[in-house]
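Q: Right, I'll just put the structure down here and ask away after.
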Amino acid sequence: MSLSLFGCLTIFSFVAELVFAVCAFVFVRRLLAREPTPMSENVGSVRMVLSKLRKGEPMSEDELDFATQVIADRRSLLAYSIPAAIFTIGCLYVFGSLEQLHGRTPSLRTFIGVLPMLGAINLTAQLHRIAILKRRLPSARKTAAPVAQSGQREAESNF
0 MSLSLFGCLT
10 IFSFVAELVF
20 AVCAFVFVRR
30 LLAREPTPMS
40 ENVGSVRMVL
50 SKLRKGEPMS
60 EDELDFATQV
70 IADRRSLLAY
80 SIPAAIFTIG
90 CLYVFGSLEQ
100 LHGRTPSLRT
110 FIGVLPMLGA
120 INLTAQLHRI
130 AILKRRLPSA
140 RKTAAPVAQS
150 GQREAESNF
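Just so we're aligned: 40 in numbering that gives the first Met the number 0 is position 41 of the sequence shown, and the numbers increase by one with no gaps anywhere.
Shown next as structure tokens:
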């Protein structure tokens with residue numbers, strides 16, 4: 000039994016998929032085992048904190064700690080194993096389809112595996128974009144307390 004180039008690439012993609020899937024599993028287990036912070040329980044808190052950091056707005060101590068945690072999590076090499084696993088799924092599909100064709104002309108169905116590859120590239124770019132924010136952490140301004148809503152300030156000042 001001799002393997003063609005695409006057969007060897009399919010086997011290599013399968014082995015890489017197993018490695019990246021195990022790494023992604025370990026990463027997710029670590030994240031789930033961690034005690035959630037009060038800030039992380041709010042819907043949209045990651046987006047809010049990262050946008051404040053990008054814009055250079057003042058942040059409370061909790062927000063700054065949460066931003067540091069989010070950036071550290073997304074800078075981890077294990078975090079990059081998730082898009083790598085998605086990318087290798089696409090490679091596995093494309094190479095496996097090309098192996099099954101045995102030299103015939105590939106159809107559009109063969110290249111459906113490119114879609115997860117493009118999604119993985121986008122996810123990697125997003126992780127990298129967040130990882131770059133680490134440079135802004137030391138210069139982030141702190142406020143004494145979280146910023147209150149304007150309606151709450153007026154109500155407190157009336158008493």
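Glycine included, C-beta positions come from ideal geometry on N, C-alpha and C.
In this text, all values refer to a predicted model and were calculated from it rather than measured experimentally.
Tell me, which residues are paired with Met116 by DSSP?
A: Paired residues: none, contrary to the question.
Q: If I measure Cβ to Cβ from Glu62 and keep anything under 6 angstroms in the same chain, skipping five residues before and after, which residues do I get?
A: For Glu62, where only same-chain residues beyond five positions count, the Cβ hits under 6 angstroms are Val48.
Q: Is Ser12 buried or exposed, if buried means 16 or more other CB atoms sit within 10 Å of its CB?
A: Buried, because 16 or more other Cβ atoms sit within 10 Å of the Cβ of Ser12.
Q: On the CB-based measure, 16 or more other CB atoms within 10 Å of its CB, does Leu31 come out buried or exposed?
A: Its Cβ having fewer than 16 others within 10 Å, Leu31 is exposed.
Q: Which same chain residues, not among the five before or five after Ser138, have their C-beta less than 6 angstroms away from its C-beta?
A: Excluding residues within five positions, none has a Cβ falling inside 6 angstroms.
Q: Is DSSP giving Ser80 helix, strand or coil here?
A: Reduced to three states, the DSSP call for Ser80 is helix.
Q: Assign Arg73 to one of two classes, buried (16 or more other C-beta atoms within 10 Å of its C-beta) or exposed (fewer than that).
A: The residue in question, Arg73, is buried, as its Cβ has 16 or more Cβ neighbours within 10 Å.
Q: Pick out whichever of Leu136, Ala71, Gln99 has its Cα sitting closest to the Cα of Leu4.
A: Checked all of Leu136, Ala71, Gln99; the closest Cα to Leu4 is Gln99.
Q: For Ser75 versus Cys22, is the C-beta spacing smaller than 8 angstroms?
A: The answer is no: Cβ separation not under 8 angstroms.
Q: When the Cβ atoms of the segment 55-71 are set against those of the segment 38-46, are three or more pairs found closer than 8 angstroms?
A: Cβ pair count under 8 angstroms is three or more, so yes.
Q: Measuring only the C-alpha atoms, how far is Ala78 from Tyr92?
A: About 23 angstroms.
Q: Could you name the residues of the same chain whose beta carbon sits closer than 6 angstroms to that of Met38, not counting the 5 residues immediately before and after it, in chain order?
A: For Met38, where only same-chain residues beyond five positions count, the Cβ hits under 6 angstroms are Ser44, Asp61, Phe65.
Q: According to DSSP, what are the bridge partners of Lys141?
A: Answer is Met58, bridged to Lys141.
Q: Might you give, ordered along the chain, the residues of its own chain that have their beta carbon closer than 8 angstroms to the beta carbon of Arg135, omitting 5 neighbours on each side?
A: Leu52, Arg53, Gly55, listed in sequence order.
Q: Measuring CB to CB, does Arg34 end up less than 8 angstroms from Thr87?
A: First, the residue type needs correcting, since residue 34 is Glu and not Arg in the sequence shown. Not in contact: Glu34 and Thr87 (Cβ atoms no closer than 8 angstroms).
Q: Please specify which runs of the alpha helix (DSSP H), each continuous and at least 4 residues long, are wholly inside the segment 1-52, giving them in chain order.
A: 4-32, all fully within the segment 1-52.
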